[in-house]
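Enquirer: FYI, in my numbering the residues of the sequence shown are -19 to 102.
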Amino acid sequence: MKRILFINHGSTFGGSGVACLKIVDSIDKKNYDVIVYCAADYPDIADALEERRIHVIRAFHSPVSFMHYSGNDRSMLSPSFFHNCIKILCDSTAISKVIKNIKPDIVAVNSMTLCWIGPIAK
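In structure tokens form, the structure reads like this:
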């Protein structure tokens, strides 16, 4: 059975949280072992996944979204852009550890805001 590590940045019932649930529901559990690394600053989505008997790794303040892809109109030279980059660099260590520990066949992310995970997962 192939293992999918799905990385979700939303912890509440909003766009990304609902998308996460719909995507996970659509995966054939007979062929794939699904593990979701899920932001759990609020427990809504993590709880809903566990109610579906999905293995959830609850993360706090992680994964960090790359704000430039979320409609953020700040310049790449602004302090908030650099702050976001520093948060991503710090979070990359945690994401790397999870990927190494889980050893998934597939790593999927729930949003373009998590594009920075691609080079780590590769």
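We treat Cβ as the ideally placed atom computed from N, Cα and C, and that holds for glycine. Note that this is a predicted model, so its numbers are computed, not measured.
Answer with buried or exposed for I86, where buried requires no fewer than 16 other C-beta atoms within 10 angstroms of its C-beta.
Expert: Classification of I86: exposed, given that the 10 Å Cβ count is below 16.
Enquirer: Can you name, in chain order, every residue of its own chain whose Cβ lies under 6 Å from the Cβ of R(-17), other than the five neighbours on each side?
Expert: Same-chain partners within the cutoff: D13, P84, D85.
Enquirer: Classify H41 as buried or exposed, calling it buried when 16 or more other Cβ atoms lie within 10 Å of its own Cβ.
Expert: Per the 10 Å Cβ criterion, exposed.
Enquirer: What does the alpha-carbon distance come out to for the pair I82 and Y17?
Expert: Near 10 Å, if we compare the C-alpha coordinates of Y17 and I82.
Enquirer: Assuming I25 contacts T(-8) under a Cβ cut-off of 8 Å, what Cβ separation, rounded to an integer in Å, is found between them?
Expert: At roughly 7 Å, the Cβ-Cβ gap stays under 8 Å, so I25 and T(-8) are in contact.
Enquirer: Closer than 6 Å by C-beta to I68: which residues in its own chain qualify, once you throw out the five before and the five after it? Chain order, please.
Expert: Around I68: V44, W96.
Enquirer: What's the gap between the Cα of N90 and the Cα of G(-10)?
Expert: Those two C-alpha atoms are separated by around 9 Å.
Enquirer: Quick one: Cα of A28 to Cα of K10, how far?
Expert: Approximately 20 Å, taken between the alpha carbons.
Enquirer: Using the rule of at least 16 other Cβ atoms within 10 Å of the residue's Cβ for burial, across every protein chain shown, is T93 buried or exposed?
Expert: Buried, since its Cβ has 16 or more Cβ neighbours within 10 Å.
Enquirer: Taking the alpha-carbon of A19 as reference, which of K77, F(-14), C70 has the nearest alpha-carbon?
Expert: The shortest Cα separation from A19 among K77, F(-14), C70 belongs to F(-14).
Enquirer: Whole angstroms is fine: what's the gap from D5's alpha carbon to K77's?
Expert: Spanning the two alpha carbons is a distance of roughly 26 Å.
Enquirer: The alpha helix (DSSP H) with K80 in it runs from where to where?
Expert: Taken as a continuous stretch (DSSP letters only), the alpha helix (DSSP H) holding K80 covers 59 to 82.
Enquirer: So, is F113 buried or exposed, given that buried needs 16 or more other C-beta atoms within 10 angstroms?
Expert: With the chain represented from -19 up to 102, any question about residue 113 goes unanswered, as that position is not in the structure.
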